[in-house]
Structure formats: structure tokens, C-alpha cells
Amino acid sequence: MVKARDIGLDVKVPKKECNDKKCPFHGTLPVRGKVFVGEVVKDRAQSTVVVKWDYYHYVPKYERYMRRNTKVSAHLPPCIDVRKGDRVKIAECRPLSKTKKFVVIEKVSK
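Now the structure itself:
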């Protein structure tokens with residue numbers, strides 16, 4: 000039985016176990032930096048999901064806020080089960096590939 004590591008964030012440890020080296024709980028991947036909550040918009044790639052979140056940007060010329068969004072690719076460890084439409088919490092980590100610099104750490108209830 001593999002013991003899950005403490006990643007230093009207030010998240011629930013997954014019930015399933017995995018042997019993925021890029022898993023922050025059961026592997027050696029450290030997480031640091033920003034943490035975001037967003038919605039999974041794509042989950043078709045192997046061990047990768049695309050997460051999107053909205054934010055407001057202030058435009059001084061019009062003295063109003065403009066709604067914008069951001070989409071990033073994130074690594075999905077096998078011990079976390081998420082599908083398209085789920086809300087997830089992602090954390091920044093070292094670069095895992097050309098586009099992946101985040102890892103999914105928790106499925107957030109709606």
C-alpha cells in the first residue's frame with residue numbers, strides 16, 4: 000500500500016492509488032505557485048485535460064469590467080477521476096511538457 004504524500008495544500012487525498020511519477024500524491028511531483036478552480040472543457044487526450052476559468056478585467060477607458068477567460072492544459076493523474084463538465088482545482092508545477100505546467104489536484108463539488 001502506497002502512502003499518499005502531503006502536498007501542502009488543503010485538499011482531499013484521492014481514495015484510489017496510482018503509480019504515476021507525475022502524480023503529486025503518489026509520485027514525486029512538487030506543486031507550487033498559483034492554484035485555480037475551473038471547468039474541464041476537454042478530456043480526450045491521454046492523461047491531459049483542458050481547464051477553463053472566467054475572470055473580470057477592468058477597462059479604465061470605459062470604467063467597466065470586461066469578462067475574459069483562460070484555458071490551460073493540465074496533467075490528470077490516474078487516481079483522480081474527472082470528466083468533461085466537472086469543476087476541478089489545479090495547481091502550478093514544473094513544466095511537464097511543452098504546454099502542461101499545471102496538475103489536477105482535486106475534483107470540486109458543484
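Take the sequence shown: its letters are residues 0 to 109, numbered as in numbering that gives the first Met the number 0.
Glycine residues also receive a C-beta, built at the ideal position from the N, C-alpha and C atoms.
For clarity, every value in this text was computed on a predicted model and none was experimentally measured.
Would Ser-72 be called buried (16 or more neighbouring beta carbons within 10 Å of its own) or exposed?
Residue 72 sits at position 73 when you count from the first residue of the sequence shown. Looking at its Cβ environment, which holds 16 or more other Cβ atoms inside 10 Å, Ser-72 is buried.
With 16 as the cutoff for other CB atoms within 10 Å, does Lys-99 come out buried or exposed?
What you label residue 99 is simply residue 100 of the sequence shown in a count that begins at 1. With 16 or more other Cβ atoms within 10 Å, it is buried.
Among Leu-8, Pro-94, Leu-95, Val-49, whose alpha-carbon lies nearest the alpha-carbon of Asn-68?
Here residue 68 corresponds to residue number 69 of the sequence shown, with the count starting at 1. When each option's Cα is compared against that of Asn-68, the closest is Val-49.
Assuming Cys-92 and Val-102 are in contact, meaning their beta carbons sit under 8 Å apart, how far apart are those beta carbons, in whole angstroms?
Within the sequence shown, residue 92 is the residue found at index 93, counting from 1. Within the sequence shown, residue 102 is the residue found at index 103, counting from 1. Correct: roughly 5 Å between the Cβ atoms.
Counting only the same chain and skipping the five closest in sequence on each side, list residues whose C-beta sits under 7 Å from that of Cys-17.
Numbered from 1 along the sequence shown, position 18 holds the residue referred to as residue 17. Answer for Cys-17: His-25, Pro-76, Pro-77, Cys-78, listed in chain order.
Continuous beta strand (DSSP E) stretch holding Phe-24: start and end:
Here residue 24 corresponds to residue number 25 of the sequence shown, with the count starting at 1. Taken as a continuous stretch (DSSP letters only), Phe-24 belongs to no beta strand (DSSP E), as it is neither H nor E.
In this structure, does DSSP put Arg-67 in helix, strand or coil?
Looking up residue 67 in the sequence shown gives position 68. Three-state DSSP puts Arg-67 in a strand.
Three CB pairs or more closer than 8 Å across the segment 30 to 38 and the segment 52 to 59:
Judged by Cβ distances under 8 Å, the segment 30 to 38 makes contact with the segment 52 to 59, as three or more pairs qualify.
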